[in-house]
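Asks: Numbering of the sequence shown is given in the working numbering, commencing with residue 258 and proceeding in unit increments.
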Amino acid sequence: MTTKNRIKRFTLLQRLSHIFLIITFLVQSATGLGRMYMETDFGQWLCWIFGGYETTLEVHIWFGLIMLGGFVLHACYLVSKINWTNFPKSLFGPDSMLPRGADIKDFFQHVAWFFGLRPAPAFDRWGYWEKFDYWAVFWGMVIIGVTGLLLAWPIATSRIIPGWSLNVMFWIHRIEAILAMGHVFIIHYFIAHLRRHNFPMDRGMLEGSVSIEDAIHERPAWIERLESKGLLSGLLVSDAAFSQRIVQYLIGFVAMGIGVFLLIGAIVNAPYIHL
Ligand code: HEM
């Protein structure tokens, strides 16, 4: 008999959305960096993969549009999840991604814990860093999306706003892209996958469940809340089959490998490009 040693954390739709984001983000990063690093072998090689300098831009714009389409669908999904009978109070429950007072308290207690000054905070379902990650992507998408769309159709854009503002858009797009790639390829990878009990990869987002032992240790307030409402046993699931886990690791390592490769390529080649 298989033991139910994991707790369900993400729905199928949420996991598919995350995979969609992984694919589109990696393509946008690779094609964007290909254009940005065209003076170097690294940039030329990236552009070669996408069929050359011009087609790389076409791929960047098409995948950008697909990514923004996904973002619009996500916004519709959020609206569909609102409990209107108890609005706006329903927005701020412990299952919501909206920040609340407890996150600020958790943050300071967590920092104190890093220095051995306080016990670790008893996190609920979402840690403050997970909410930060989520909202960083959300607003990042708006900034990078608006500037990207204006840059994609420069003639039409310059009919509405002065031509020089395209240079400003380009810099905003570039800075936001560097910030997003730096955050995802360094901070997100490290926090999600390289922490001691997650190493070498957090299976949560691909498998949809996390180890109950880890959840009790890290998110005791979530587990207590589910237990007190009698919901815990209904959320317990078993480990995915071995073959399924191999596939998960393969997807995860390929995605992380591409991100780390792009990060290293961008850092190593940075002195050789003219901005
Ligand atoms: C997370 C998503 C994205 C990332 C990481 C990203 C990254 C980049 C990078 C690194 C550049 C090159 C800047 C340079 O040459 O210095 C760039 C340029 C550009 N991006 Fe994006 N971008 C993203 C989303 C989008 C979207 C959604 C669109 C619009 C549909 C878009 C349209 C453009 C355009 C038109 C350029 C100018 C390309 C050129 O002329 O070289 N990008 N992007």
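Using N, Cα and C, we set each Cβ at its ideal position, and we do this for glycine too.
Kindly provide the chain-ordered list of residues whose Cβ lies closer than 6 Å to any non-hydrogen atom of the ligand HEM.
Replies: Going by the Cβ distance cut-off, the answer is F282, Q285, S286, G289, L290, R292, M293, L314, H317, I318, G321, L322, M324, L325, I401, G402, G405, L406, L408, A409, H430, R431, A434, A437, M438.
Asks: Answer yes or no: do R263 and S495 have a C-beta to C-beta separation smaller than 8 Å?
Replies: Start at 1 with the first residue of the sequence shown, and residue 263 comes out as number 6. Start at 1 with the first residue of the sequence shown, and residue 495 comes out as number 238. Cβ atoms of R263 and S495: closer than 8 Å.
Asks: Leaving out the 5 sequence neighbours to the left and right, which residues in its chain are closer than 7 Å to G397 when beta-carbon positions are compared?
Replies: Residue mapping note: residue 397 aligns to position 140 of the sequence shown, counting from 1. Excluding residues within five positions, the ones whose Cβ falls inside 7 Å are E433, A437.
Asks: Under a three-way DSSP split, which group does L519 fall into?
Replies: For this step, residue 519 is matched to residue 262 along the sequence shown. Looking at L519 - three-state DSSP - the assignment turns out to be helix.
Asks: In chain order, what residues of the same chain lie with their CB nearer than 8 Å to the CB of T313, ignoring the 5 residues before and after it?
Replies: Sequence index remark: in the sequence shown, residue 313 carries index 56 (1-based). Around T313: T288, G291, R292, L303, C304, F307.
Asks: List, from N- to C-terminal side, the beta strand (DSSP E) runs of 3 residues or more that fit wholly inside the stretch 447–475.
Replies: 466–468, all fully within the stretch 447–475.
Asks: Consult DSSP for I264 and reduce its assignment to one of helix, strand or coil.
Replies: Working through the sequence shown from its first residue, we reach residue 264 at position 7. Strand, per DSSP.
Asks: With a 10 Å radius around its C-beta and 16 neighbouring C-beta atoms as the bar for buried, classify T297 as buried or exposed.
Replies: As a working note, residue 297 is residue 40 in the sequence shown. Classification for T297: buried.
Asks: W319 and R382 - do their beta-carbons sit closer together than 8 Å?
Replies: Taking the sequence shown and counting its residues from 1, one reaches residue 382 at position 125. Taking the sequence shown and counting its residues from 1, one reaches residue 319 at position 62. No, they are not a contact pair.
Asks: Among A413, R266, G461, D360, whose alpha-carbon lies nearest the alpha-carbon of R502?
Replies: Stepping through the sequence shown from its first residue, residue 502 is reached at position 245. With distances taken between Cα atoms, R502 lies closest to G461.
Asks: Mark P378 as exposed unless 16 or more other C-beta atoms lie within 10 angstroms of its C-beta, in which case mark it buried.
Replies: For the purposes of this step, residue 378 is identified with residue 121 of the sequence shown, where counting begins at 1. Buried, by the Cβ-count rule.
Asks: Taking the continuous alpha helix (DSSP H) assigned at T312, which residues delimit it?
Replies: What you label residue 312 is simply residue 55 of the sequence shown in a count that begins at 1. Looking at the DSSP string, the run of the alpha helix (DSSP H) that includes T312 is 310–337.
Asks: Compare the beta carbon distance of F380 and D363 with 8 Å and say whether it is the shorter of the two.
Replies: Here residue 380 refers to the residue found at position 123 when the sequence shown is read from its first residue. Here residue 363 refers to the residue found at position 106 when the sequence shown is read from its first residue. Contact flag set, yes.
Asks: Expressed to the nearest angstrom, what Euclidean distance is found between the alpha-carbon atoms of L407 and W428?
Replies: Locating residue 407 in the sequence shown gives position 150, counting from the first residue. Locating residue 428 in the sequence shown gives position 171, counting from the first residue. Answer to the nearest angstrom: the Cα atoms are 12 Å apart.
Asks: I400: which of P345, L283, L325 sits nearest, CA to CA?
Replies: In the sequence shown, the residue the question calls residue 400 occupies position 143. Taking only the C-alpha atoms, the option nearest I400 is L325.
Asks: Nearest by alpha-carbon distance to Y385: which of V441, F267, H367 is it?
Replies: For the purposes of this step, residue 385 is taken as the residue at position 128 of the sequence shown. Here the closest residue by C-alpha is H367.
Asks: G516 and F442: beta carbons closer than 8 Å?
Replies: Reading the sequence shown from its first residue, position 259 is the one you call residue 516. Reading the sequence shown from its first residue, position 185 is the one you call residue 442. Yes, the pair counts as a contact, with Cβ atoms nearer than the cut-off.
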